[in-house]
Amino acid sequence: MITDQLVIKNSKEETSYTKDLRSESPKRSIAKSISWRIVGTIDTIIISWIVTGTLTLAFSIGMVELVTKMVLYFFHERVWNSIKWGK
Numbered sequence: 001m002i003t004d005q006l007v008i009k010n011s012k013e014e015t016s017y018t019k020d021l022r023s024e025s026p027k028r029s030i031a032k033s034i035s036w037r038i039v040g041t042i043d044t045i046i047i048s049w050i051v052t053g054t055l056t057l058a059f060s061i062g063m064v065e066l067v068t069k070m071v072l073y074f075f076h077e078r079v080w081n082s083i084k085w086g087k
């Protein structure tokens, strides 16, 4: 269980791009990025609207945030997908 995941194993398991592709494809990471960013951007727009009181400014903030965080999330997912811990 949890203790099994926390124990560091001494096995010298080789990792490769092919193995990483089988665990989760880049297309899946992109789809997850897009769906999560839609949720996150709606949240950002609502918070920005409440804080600024201006819907136009809130949408501007949301659109910038949409693009930057989607790109960051994609690379974040790819890095985590290459980490063996917890798999």
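Residues 1 to 87 in full-length UniProt numbering are what the sequence shown lists, from first letter to last. Beta carbons: idealized from backbone N, C-alpha and C, even for Gly.
- In this structure, residue 28 keeps its C-beta atom at 8 Å or more from the C-beta atom of residue 70.
- If you keep only unbroken beta strand (DSSP E) runs of at least 3 residues inside the stretch 50-79, you get nothing at all.
- Non-local C-beta neighbours of residue 24 in its own chain, meaning closer than 6 Å and more than five positions away in sequence, comprise 81, ordered along the chain.
- Burial of residue 62 is indicated by the presence of at least 16 other C-beta atoms within 10 angstroms of its C-beta.
- DSSP places residue 40 within a helical segment (H, G or I) once states are collapsed to three.
- Between the beta-carbon of residue 73 and that of residue 35 there is about 10 Å, and that puts the pair past the 8 Å contact cut.
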